[in-house]
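Quick notes on the structure that follows.
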Amino acid sequence: MGCGRGRGNRLIASVCAFLAIPVLLTLARVVPAAAQALPAQSPPPAAPSPAPCELDIWPAATTHTTFQGWVHAGAVDGAQRGIKGYPDLHANALDTGQQVRLLATVDWRGAFNDPALVVVVHPQPTESDNDRSRTKRLVTEGSSACYRELIIASSIVESEVFSKQSVRILALRKRFDGASSAPVNFSSMSEAAIPFTDADKAAPDSAARMDTAVQAAFVSAVSKFATIQSFH
Amino acid sequence: MPRLIYALSLIGAVLVAPAALAQTAAAPAAPPAAEPTPVAAAAPPSTTATAPVATTAPAPAAPAPACELHVWPAARVSAMTQGVGAGFGLVGALIDISAHADQNKRDTAFITGTLDAHAQTQVLRELDLPAKLHLPPSQVIFHEQGIDINRDNPQRLSDSTAQCYAEFVVRSLAFFQNVVYPGQIRTFLEVRRFDGATVTVDFRDSKHEDLAAKLPKEGEDTGPAIDALLTAFRGDVAFFADKYARKYK
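For the protein sequence lines, the chains are A and B, in the order given.
Per our numbering, residue 9 is the first one in the first sequence, and the count goes up by one each step.
Per our numbering, residue 180 is the first one in the second sequence, and the count goes up by one each step.
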């Protein structure tokens, strides 16, 4: 039943040959294109490897406290302002300098799933008026085309009479893909309970232990945010 | 005749096929065009490096206004979500508060962080408070830390000795929602004007605005709620300032 098999059936054979032209054309279009795609996927060995991604991190300007007790409640930074009835929630353990130190301990490469990630922790908060609406990079000189910003917008130590003491952060991630691309923003908050046990409370160095616990909660909250942002 | 057709078809195939091959040979030019990302990625960010930075030209040195307006951000923030338990007396209210403790803690911290001193300052600066309050041209001083203001205290809240002096205090931000009312934020504000050491005007009021977005949970996008809070705060302050200006023309 194939084309041109019948002896003397040249008419059918010629029609088959004519019909075969579009098929040949299609094949001619597909096969070379696929062949061309290969070199594009595997760059020539002489080509330089792409620059690693860069993550720039900024701490919050300060750490606030919120407190809801049986009698006293509502004052922001109550202990720092010396208001009676407000306990010290050790917010000074998360001043800007401590935040910078702690931010450097977070496993950013793991959270961003990028072993080659270049991480820069800046010593001071951003001075931008509005980081959310900003479309420019904060670091322009020499920054990689693949560039991310992670800004701790707020850090808060919180206490509530019916809930655990915890550290909460509000953070913003700006993702710039390409030298002149607009950023993709993701802002969220994450919280971590302060791991402060009764034994810590009874210990003679309980204040130092509380500082350590607050800092551990901060690192945990930041790590949570780093993981959350990877889904957005 | 069939031979002629056959021959013609062969000739056609021979003539057309190279053209098709030529097309496909040209086609690979497209993939590199669709592959500019590595090229752009490798290029230095010259665009951003040379982008103009919005700078304000230094204004000619003008004498600072003699009047001062001191502004304090919110000293207190609270958040309360009520469930149906609140309607069952003291025990019901306690159970309800306990059940919503984590949410209230979270909302309080979120408002504290979102409407911090910096954010409030931004909003108040945009509103041009001296003009809104019909005050004489004033030097506006924004304080970093909130302050609790006692109505019985006629003293100035700052150390300023300016003869023409006024205070604008954001006393509190209170978020509330229950099964009937959607989330709303109430802003408590106060303005005091002094003539020397004497208080000539003391006006306090509050205004609430329904929020256009729900306050977020942990891990959710906070963008809409941040915008909603800032808009509500701006609306509250503008309403209060207009009311004050109408009362003390």
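Even glycine gets a Cβ: it sits at the ideal position worked out from N, Cα and C.
Candidates the options: closest to residue i by CA position
{"i": "Asp-64 of chain A", "options": "A:Val-165, A:Ala-210, A:Cys-154", "result": "A:Cys-154"}
{"i": "Asn-138 of chain A", "options": "A:Val-79, A:Gly-93, A:Gln-223, A:Ala-161", "result": "A:Ala-161"}
{"i": "Phe-194 of chain A", "options": "A:Leu-158, A:Val-165, A:Ala-187, A:Phe-170", "result": "A:Leu-158"}
{"i": "Ser-228 of chain A", "options": "A:Ala-87, A:Gly-150, A:Ser-163", "result": "A:Ser-163"}
{"i": "Phe-354 of chain B", "options": "B:Lys-284, B:Tyr-427, B:Ala-243", "result": "B:Lys-284"}
{"i": "Thr-134 of chain A", "options": "A:Asn-100, A:Thr-70, A:Gln-237", "result": "A:Thr-70"}
{"i": "Leu-352 of chain B", "options": "B:Val-256, B:Glu-247, B:Ala-243, B:Pro-403", "result": "B:Val-256"}
{"i": "Val-358 of chain B", "options": "B:Phe-367, B:Ala-376, B:Phe-419, B:His-279", "result": "B:His-279"}
{"i": "Ala-391 of chain B", "options": "B:Arg-383, B:Gln-356, B:Phe-382", "result": "B:Gln-356"}
{"i": "Glu-247 of chain B", "options": "B:Asp-338, B:Gly-271, B:Ile-276, B:Ala-272", "result": "B:Asp-338"}
Neighbourhood of residue i by C-beta distance below 6 Å, restricted to the same chain and skipping five residues each side
{"i": "Asp-327 of chain B", "result": "Ala-254"}
{"i": "Val-129 of chain A", "result": "Ile-65, Val-108, Leu-111, Ala-112"}
{"i": "Ala-219 of chain B", "result": "Residue placement at Ala-219 of chain B is flagged as unreliable, the pLDDT there being 28, under the threshold of 50; the coordinate-derived value follows with that caveat. Nothing meets the Cβ criterion."}
{"i": "Ser-231 of chain A", "result": "Val-114"}
{"i": "Asp-122 of chain A", "result": "Cys-61"}
{"i": "Ala-234 of chain A", "result": "Ala-119"}
{"i": "Gly-186 of chain A", "result": "Ala-153"}
{"i": "Ala-59 of chain A", "result": "Ser-152"}
8 Å Cβ cutoff met for residue i and residue j
{"i": "Gln-318 of chain B", "j": "Pro-252 of chain B", "result": "no"}
{"i": "Leu-409 of chain B", "j": "Gly-362 of chain B", "result": "no"}
{"i": "Thr-260 of chain B", "j": "Met-197 of chain A", "result": "no"}
{"i": "Val-378 of chain B", "j": "His-322 of chain B", "result": "no"}
{"i": "Tyr-423 of chain B", "j": "Val-370 of chain B", "result": "yes"}
{"i": "Tyr-344 of chain B", "j": "Val-380 of chain B", "result": "no"}
{"i": "Phe-373 of chain B", "j": "Arg-330 of chain B", "result": "no"}
{"i": "Val-302 of chain B", "j": "Phe-412 of chain B", "result": "yes"}
{"i": "Gln-76 of chain A", "j": "Val-169 of chain A", "result": "yes"}
{"i": "Gly-93 of chain A", "j": "His-80 of chain A", "result": "yes"}
{"i": "Ala-200 of chain A", "j": "Ala-225 of chain A", "result": "yes"}
Environment of residue i [buried if 16+ CB atoms lie within 10 Å]
{"i": "His-313 of chain B", "result": "exposed"}
{"i": "Asn-332 of chain B", "result": "exposed"}
{"i": "Asp-295 of chain B", "result": "buried"}
{"i": "Arg-304 of chain B", "result": "exposed"}
{"i": "Leu-269 of chain B", "result": "exposed"}
{"i": "Gly-105 of chain A", "result": "exposed"}
{"i": "Phe-239 of chain A", "result": "exposed"}
{"i": "Pro-231 of chain B", "result": "Because Pro-231 of chain B carries a pLDDT of 35, less than 50, the predicted location of this residue cannot be relied on, and the following value inherits that uncertainty. Exposed."}
{"i": "Gly-292 of chain B", "result": "buried"}
{"i": "Ser-188 of chain A", "result": "exposed"}
{"i": "Ser-151 of chain A", "result": "buried"}
{"i": "Glu-149 of chain A", "result": "exposed"}
{"i": "Ala-211 of chain A", "result": "exposed"}
{"i": "Tyr-360 of chain B", "result": "exposed"}
{"i": "Ala-243 of chain B", "result": "exposed"}
{"i": "Asp-421 of chain B", "result": "exposed"}
{"i": "Val-416 of chain B", "result": "buried"}
Separation of residue j from residue i, as counted between CA atoms
{"i": "Thr-226 of chain B", "j": "Gly-82 of chain A", "result": "Only weak support exists for where Thr-226 of chain B lies, its pLDDT of 28 falling under 50; the value from the coordinates is given anyway. So the two alpha carbons sit approximately 47 Å from each other."}
{"i": "Lys-311 of chain B", "j": "Ala-245 of chain B", "result": "18 Å"}
{"i": "Gln-49 of chain A", "j": "Thr-220 of chain A", "result": "Residue placement at Gln-49 of chain A is flagged as unreliable, the pLDDT there being 40, under the threshold of 50; a coordinate-derived value is accordingly withheld."}
{"i": "Gly-266 of chain B", "j": "Gly-325 of chain B", "result": "34 Å"}
{"i": "Leu-102 of chain A", "j": "Arg-425 of chain B", "result": "45 Å"}
{"i": "Cys-61 of chain A", "j": "Ala-179 of chain A", "result": "20 Å"}
{"i": "Thr-205 of chain A", "j": "Lys-172 of chain A", "result": "11 Å"}
{"i": "Val-222 of chain A", "j": "His-98 of chain A", "result": "7 Å"}
{"i": "Val-263 of chain B", "j": "Ile-274 of chain B", "result": "10 Å"}
{"i": "Ile-320 of chain B", "j": "Ile-236 of chain A", "result": "39 Å"}
{"i": "Arg-350 of chain B", "j": "Phe-367 of chain B", "result": "5 Å"}
{"i": "Ser-174 of chain A", "j": "Phe-289 of chain B", "result": "13 Å"}
{"i": "Ile-5 of chain A", "j": "Asp-281 of chain B", "result": "Past the edges of chain A, shown from 9 to 240, lies residue 5 of chain A, and the structure says nothing about it."}
{"i": "Pro-309 of chain B", "j": "Lys-386 of chain B", "result": "20 Å"}
{"i": "Ile-364 of chain B", "j": "Phe-418 of chain B", "result": "14 Å"}
{"i": "Gly-375 of chain B", "j": "Pro-315 of chain B", "result": "15 Å"}
{"i": "Ala-78 of chain A", "j": "Pro-403 of chain B", "result": "The sequence shown places Trp at residue 78 of chain A, not Ala. Between Trp-78 of chain A and Pro-403 of chain B, the C-alpha separation is close to 32 Å."}
{"i": "Glu-346 of chain B", "j": "Leu-306 of chain B", "result": "16 Å"}
{"i": "Asp-96 of chain A", "j": "Ser-167 of chain A", "result": "10 Å"}
{"i": "Lys-396 of chain B", "j": "Arg-176 of chain A", "result": "12 Å"}
{"i": "Thr-203 of chain B", "j": "Gly-398 of chain B", "result": "Note that Thr-203 of chain B scores 30 on pLDDT, short of 50, meaning its location in the model is unreliable; the coordinates nonetheless yield the value given after this. Straight-line Cα distance between these residues: approximately 49 Å."}
{"i": "Ile-276 of chain B", "j": "Gly-86 of chain A", "result": "22 Å"}
{"i": "Ala-258 of chain B", "j": "His-297 of chain B", "result": "20 Å"}
Cβ shell of residue i (< 7 Å), same chain only, five flanking positions each side left out
{"i": "Gly-414 of chain B", "result": "Glu-388"}
{"i": "Pro-191 of chain A", "result": "Thr-143, Lys-182, Arg-183, Phe-184"}
{"i": "Ser-253 of chain A", "result": "Beyond the ends of chain A as shown, which are 9 and 240, falls residue 253 of chain A; an answer cannot be given."}
{"i": "Ser-214 of chain A", "result": "Asp-208"}
{"i": "Trp-116 of chain A", "result": "Leu-63, Leu-125, Val-127, Ala-234"}
Contacts around residue i, its chain only, beta-carbon distance under 8 Å, and the 5 residues preceding and following it disregarded
{"i": "Val-304 of chain A", "result": "In the structure displayed, chain A extends from 9 to 240; residue 304 of chain A sits before or after that span and is not available."}
{"i": "Gln-132 of chain A", "result": "Trp-66, Pro-67, Thr-104"}
{"i": "Ala-341 of chain B", "result": "Ala-245, Cys-246, Glu-247"}
Any non-hydrogen atom of the ligand MG closer than 7 Å to residue i Cβ
{"i": "Leu-63 of chain A", "result": "Absent from the structure shown: the ligand MG. Ligands present: none."}
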